[in-house]
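Letter by letter, the sequence shown follows residues 11 to 629 of the working numbering. Glycine included, each C-beta is placed from N, C-alpha and C at the ideal position. Notes follow the structure.
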Amino acid sequence: MEYAALVDVYERLEATDSTLAKRDVLGEAFADADDEHLPLVVVLCQGHLFAAWQRKELGVSSSLTARAITKATGVSEDGIERRWEETGDLGDAAAWATENEAQRTLFSTDLTVQAVVETLRELPTYEGEGSEQRRVDAIAGLLSDATPREARYVTRTALGHLRIGIGEGLVRDAIALAFLNGIDDAGTVGDSGETTDGEATDDKTTEGEATNGKATDGEGADSEAIEAVERAFQVTNDYPLVAHTAREEGLSGLAELGIELFRPARVMLAEKAAGLDAGIGSVAENPADVLLEFKYDGARVQVHKQGEEVRVFTRRLEDVTDAFPDVVRAVRADVSATDCVLDGEVVGYDRETGDPIAFQQFSQRIKRKYDVEELIEEIPATLHCFDALSIDGESLLDASLDRRLDALGNVLDPEPGAVERATSQRVADSDAPVDFYDWALLAGHEGVMVKNLDAPYRPGRRVGYMMKAKPTMETLDLVVTRAQYSEGRRSDFLGRLFLACVDDTDRADDSDTNEADEAAGTTDDGRFREVGRLATGYTDEELRELTDRLEGLLTERSGRVFDVRPEVVLEIEYEEIQSSTKYDSGYALRFPRFLGVREDLSPADADTLSTVERLYDEQ
Ligand code: AMP
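And the structure:
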């Protein structure tokens, strides 16, 4: 397939702000793609080259891309910098440079979709000396074959920022529309006529929906189709597979997509309870169906085991097996199932006191790539298992929690300090649930989880089957959307960071809010609303690490402020939330302070605007 045909689709997507129109364009592109190209089109329209759990860094920064543009076109890096500064988009600068190229490539061939995907997918394999130059050469190779409009999107894809406003919710709706409802020859929406509303897919929001779930709320794909695609995606995290299955096997095929070993599913999420009693009251009708469990402050992990092979994934779906050889050993030794998928929290403990350590201290364990065994000596960890998603080939997603816990008990032989069951108590067996709550806090944990024993497991969902009750003043997990270099002693560091929450309100659907969205650093993955600017709380070391990380994510720039690809989530404490016209959330944090990076959270997991509003009201 010619890359130019995909560029037509990109341009049509970019030309409209209407979510419905975008969905229709995308649906049509999916329907038009043949079997061989469908997975590539699905992947490229999302701007990701790898599935989330296989995601590898392409290692492409803005400056490396600028070098590649120079190499391909002969236009000086200064000229490209200037153009980038003027338009704020390196993709535009690449198109312009290709248009005005100082050198002609003698043998250029038409760019194909395969060539773009294959070349970019190879970049992470370049390692060691000379790898940077090889990346420059590879991108330059694509650009020399590109027309100006192709150069724009090759550049943006390499940088991981397509700027066409396609999030997970839209891809879901487009798949439903293309393969489950049909698109007629004119490329318009099929005739189902039922309303499509992200909310209609469930009574509560899902993870995807937190950022862009209510992608389409007009006529077209029906909610049964959308629900089926959504479920299949939350279980597989693989839209190419979901699209293929929807096309070949329809609704029944999607329903059969299940948990598979070494392909992580989204984890079920908790809602916040206003207190222990409120949590018990709302999680289930009958208190006899309620289980209380310690709420551990560690890293959520999904552990996959098949024979001796064990892999550990975070709730961001990242494979962190190499950081947790201790967990791998414990699961091999203490879990008797031949194969299984378990859900739990890994918690770090202080070697001297035996107390749990704060997540921020423990998070070094997640990031660590070298001397891992030494760090294990320093910060030992325990896996506290609290759920089982499948055991010995049987999916347990639709089984009740009660049954899942029974199944877990049958295969887990707890080894104190290595792998344990989460400490729990049934409300039915408890004289005073508050005693359990106090016990959890005295033992140094965050609070308790309140769970419905009768409920199934819903990947990726915040469906109210489990709630969290904790006493501490809430911190906020916020996404960095823009950054500025500090002044004075720290002028080499990106120390002024704009922070945003996820817009889960109706405003997220309003396609007329684009100017505000631009200011807030809206991305292809959803809409973020800024709530303040952070300037304090970090040590020099923390700031250096953060700067290194953010410099690789800078996209556009206006004046001294850079837009940042929204990938980094920070935990922030603050004095107060004020209402404000300065930020597009309508709120501003007073005295925000950096507590740490939430390595375990993806942008979609960040706190929502509704939470900020609630905390504001509760002050
Ligand atoms: P929060 O991170 O505050 O939104 O709380 C939800 C998180 O608590 C989950 O994603 C888990 O990582 C964590 N957690 C700790 N203990 C438990 C437990 N017993 N059951 C479920 N989740 C738990």
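Check                                                                                                                                                                 : Outcome
Apart from the five residues on each side of it in sequence, which residues of its chain come closer than 6 Å, Cβ to Cβ, to residue 149?                              : 78, 168
Looking at the unbroken beta strand (DSSP E) that takes in residue 478, where does it start and where does it end?                                                    : 476 to 479
Measure the alpha-carbon distance for residue 29 versus residue 180 and round it to whole angstroms.                                                                  : 8 Å
Could you spell out the range, first to last residue, of the alpha helix (DSSP H) harbouring residue 540?                                                             : Premise fails: residue 540 lies in the beta strand (DSSP E), 538 to 544, not in any alpha helix (DSSP H).
Mind checking which residues open and close the beta strand (DSSP E) that includes residue 604?                                                                       : 603 to 607
Going by the beta-carbon positions, is the gap between residue 61 and residue 285 smaller than 8 Å?                                                                   : no
Do residue 460 and residue 477 have their C-beta atoms closer together than 8 Å?                                                                                      : yes
Can residue 540 and residue 493 be called in contact, C-beta distance under 8 Å?                                                                                      : no
Can you tell me whether residue 601 is buried or exposed, with buried defined as 16 or more other CB within 10 angstroms of its CB?                                   : exposed
In terms of DSSP beta bridges, what is residue 394 paired with?                                                                                                       : 355, 430
Is residue 593 helix, strand or coil by DSSP?                                                                                                                         : coil
Please list the terminal residues of the continuous beta strand (DSSP E) segment that includes residue 457.                                                           : 457 to 462
To which residues does DSSP link residue 511 through a beta bridge?                                                                                                   : 539
I need the straight-line Cα distance from residue 17 to residue 469, nearest angstrom please.                                                                         : 34 Å
Indicate the three-state DSSP secondary structure (helix, strand or coil) for residue 157 in the structure shown.                                                     : coil
Taking only runs that begin and end inside the region 216 to 297, name each unbroken alpha helix (DSSP H) of 4 or more residues, in chain order.                      : 217 to 222, 233 to 246, 249 to 266, 286 to 293
Roughly how many angstroms separate the alpha carbons of residue 109 and residue 42, rounded to a whole number?                                                       : 30 Å
Answer yes or no: do residue 399 and residue 393 have a C-beta to C-beta separation smaller than 8 Å?                                                                 : no
Closest to residue 472 by CA distance: which of 389, 346, 282 is it?                                                                                                  : 282
Under three-state DSSP, which class holds residue 75?                                                                                                                 : helix
Ends of the beta strand (DSSP E) at residue 582?                                                                                                                      : 579 to 583
When the Cα of residue 248 is compared with those of 233, 274, 266, which residue comes out closest?                                                                  : 274
Is the beta carbon of residue 423 less than 8 Å from the beta carbon of residue 348?                                                                                  : no
Should residue 309 and residue 384 be called a contact, given that it needs their Cβ atoms to be closer than 8 Å?                                                     : no
Roughly how many angstroms separate the alpha carbons of residue 571 and residue 599, rounded to a whole number?                                                      : 19 Å
Hey, quick one: how far does the beta strand (DSSP E) through residue 566 stretch, first residue to last?                                                             : 564 to 568
Return yes when the C-beta of residue 306 is under 7 Å from any heavy atom of the ligand AMP, and no when it is not.                                                  : yes
In angstroms, rounded to a whole number, what distance separates the CA positions of residue 166 and residue 90?                                                      : 15 Å
Would the C-beta of residue 432 count as close to the ligand AMP, meaning under 7 Å from any of its heavy atoms?                                                      : yes
Suppose the cutoff is 8 Å on Cβ atoms and the five residues either side in sequence are ignored; what does the same chain contact list for residue 481 look like?     : 451, 457
Measure the Cβ-Cβ separation of residue 618 and residue 512 and say whether it is below 8 Å.                                                                          : yes
Closer than 7 Å by C-beta to residue 105: which residues in its own chain qualify, once you throw out the five before and the five after it? Chain order, please.     : 158, 159, 161, 162
Using DSSP with H/G/I as helix, E/B as strand and the rest coil, what is residue 576?                                                                                 : coil
Here's a check: name, in chain order, each residue in its chain whose Cβ is nearer than 7 Å to the Cβ of residue 210, leaving out the five neighbours to either side. : For residue 210, the predicted model reports a pLDDT of 30, less than 50, meaning its position is unreliable and no value from the coordinates is stated.
Would you check whether the ligand AMP has a heavy atom nearer than 7 Å to the C-beta of residue 328?                                                                 : no
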